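Everything below concerns the one structure shown next.
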Amino acid sequence: MKYVVLIHSNPQPWGHPTSDFVAEHQALPKEQRDRLQSDFEELLGQMQANGELVGGEALADPATARLYRWTDGGSVAVDGPYSEAKEHLAGFFLVDVTAERADEIGRRFSGPGETVEIRPAMWPGGEES
Amino acid sequence: MWRQESPHVLAALLRRHGDLADCEDAVQEAAAEATVAWAVRPPDDPRGWLVRVASRRLIDRARSDRARVAREDRMKPAPPTSGTDDSLAMLVLCCHPALPRQAQVALTLRCVAGLSTERIAAAHLVPTATMAQRLSRARATLRDAGARFELPSVAELPGRISVVLDVCHVMATEGHVRTGGPDLLDTDLAAEALRLVRMMHAALPEHDEVSGLLALLLCTGARAATRVDARGDLVPLAEQDRSRWDRAMIAEGVRLLDRVLPRGPVGRFQLQAAIAAVHAEAPSAGETDWAQISALYAMLDDVAPGPAVTLNRAVAVAMDAGPQAGLALLEPLLELPAMRRHHRTHAVRAHLLELAGDPEAAADKYRTASRLTTSLPEQRYLNRRLTALDQ
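Structure representation (structure tokens):
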């Protein structure tokens, strides 16, 4: 099953890897930060080698977003960000894995000060009832 | 032609040189040469030609790479084997227990069914590069596990056969539920699974569960043409046009069951096949022998208990003994977090509540089921049921 792994974060300044720019993460001892970072890279490499990783991108600062809304019978464009929420979508991965593996990926991708969201993708097949 | 020959050529190479990745590369090179050479002069014996050229490439590779000299020593004279033994040994190799299920399915489609990486990727709705990675990791895992192209010992064989059966079953279910995919690359995984299980049945005609799985794939495969409507929506069993079910496939499945069922003990594939056969033989949905189906599900619940079996059993019991009896069977499933998050649990509850004449409660469960499903056609179906209830 395909899942998107959505990284919600608010790096200050905006940068990647996001963990380097998140206060909660910076507060950790260097050793622990290095370990979290190498864990993440190891898992990413493993997912790539296993043929689990379908794709993914790191996203630009939410301020670079353009928002298009329908107003008075026409579309109006304004500059982002989409919301004033504390966290923004900072990047995403698309993976093709079992539910158990998706859970493991979510746990290992998460870090202090960030939220990792795993959402299944809809698919065109179905079970016969 | 290539589809048919490639697994045999691969088997011939594997018999002498155990490494799957090396052998597949050599077979690929021979195939590339064939497209050029055969255009000029088609060979009398294509398989012999391919084996000869691929073997030469394999030896060239071993020689040209000094670091690989050690592998050349492993080249052994081929022991005489039959085609059916080869197919079985190849299936057992591809379904090696060191591999995750996903990789077992992909490798089987590649090496035994002879499908291209591109088609396997399309059938699983992933990019070709992703599938190529999956296949090469699978080959590396086999190499690390020291997996060999040979039939396992008598003690080990039953366990390995059972993995192969699971893989073929997963392949068939993945196949028969798929309704999307670009037409040109639309590979019928259910048909591939049927071909593979037929191959196993030819090698092991007296294996009851092999016969059971073959009967199951025949009895469910017979409904393939009626499972999806012109718009790509799922058609439930009760609403399928039974006049379009493939009678020859059903008859073949029933004949297999008639032979193995009396032998007992009866395994899960034989029981699932028996259930599919009862459905297949009912002249109309209304004339389905639900008492027999619910007895078969009770047996299945003994042999291979699990929440999915309980769910299907609840439907059968409801049809036989009334919706309340079915709903009672569902109660324990609601205690399991995984089943509470599973749309089918709520879809079945909704259906049984609708039968019990409680449209409000049914609507609530249809809504829950529709929210939880990740299948587009199922979501459309559940939303249709919900709308129909409101009217």
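First to last, the protein sequences are chains A and B.
One gets my numbering by counting positions in the first sequence from 1 and adding 1 to each.
One gets my numbering by counting positions in the second sequence from 1 and adding 447 to each.
Don't be surprised by glycine CBs; every beta carbon is placed ideally from N, CA and C.
Computed from a predicted structure; not experimentally measured.
When the five nearest sequence neighbours on each side are left out, the beta carbons in the same chain lying within less than 7 Å of the beta carbon of H26 (chain A) are those of S20, R34, G112, P113 and G114, in order along the chain. Under DSSP, the beta-bridge partners assigned to D80 (chain A) are A:R67. When the Cα atoms are used, P12 (chain A) and A677 (chain B) turn out to be separated by approximately 49 Å.
Note that the C-beta distance between F596 (chain B) and L800 (chain B) is not below 8 Å. Closest option to L660 (chain B), judged by alpha-carbon separation, among B:D736, B:E686 and B:T620: B:T620.
When secondary structure is reduced to three states using DSSP, A568 (chain B) falls in the helix class. In the DSSP assignment, E43 (chain A) falls outside any beta strand (DSSP E) and lies within the alpha helix (DSSP H) extending over K31 to N51. Note that the C-beta distance between C558 (chain B) and L457 (chain B) is below 8 Å. A785 (chain B) is classed as exposed because its beta carbon has fewer than 16 other beta carbons within 10 Å across all chains shown. In the three-state reduction of the DSSP assignment, D97 (chain A) falls in the strand class. When rounded, the separation of the alpha-carbon atoms in L505 (chain B) and C470 (chain B) is 7 Å. Within its own chain, the residues whose Cβ lies closer than 7 Å to the Cβ of L497 (chain B), once the five positions on either side in sequence are excluded, are E452, V456, A477 and A481, listed in chain order. In the three-state scheme derived from DSSP, where H, G and I count as helix and E and B as strand, G700 (chain B) is classed as helix.
For the 8 Å CB-CB criterion, A721 (chain B) and A669 (chain B) do not form a contact.
For the C-beta of E686 (chain B), not a single chain A residue is nearer than 7 Å; the gap to the nearest is close to 10 Å.
Here P754 (chain B) carries a helix assignment [DSSP, helix/strand/coil].
Taking all protein chains in view, the Cβ of P683 (chain B) is surrounded by fewer than 16 other Cβ atoms within 10 Å, so the residue is classified as exposed. For I608 (chain B), no pairing in a beta bridge is given by DSSP. Of the residues assessed, L783 (chain B) falls on the exposed side of the cut-off, its CB having fewer than 16 other CB atoms within 10 angstroms. Our two residues, T575 (chain B) and A459 (chain B), have alpha carbons roughly 27 Å apart in a direct line. Per the C-alpha coordinates, the member of B:V675, B:G769 and B:G733 positioned closest to G127 (chain A) is B:V675. Assignment of beta-bridge partners to W124 (chain A) by DSSP yields B:S822. Ranked by how close their Cα comes to the Cα of L833 (chain B), the residues B:A803, B:A794, B:S822 and B:A479 have B:A794 in first place. With the criterion set as a beta carbon lying under 8 Å from some beta carbon of chain A, the segment 636 to 663 of chain B has no members that meet it. F93 (chain A) and V55 (chain A) have their C-alpha atoms spaced approximately 11 Å apart. For the pair A745 (chain B) and D655 (chain B), the Cα-to-Cα distance works out to about 20 Å.
Using a CB distance cut-off of 8 Å, V764 (chain B) does not count as an interface residue toward chain A.
In summary, the residues of the segment 89 to 107 of chain A whose CB is separated from some CB of chain B by less than 7 Å are D97, in the order they occur in the chain.
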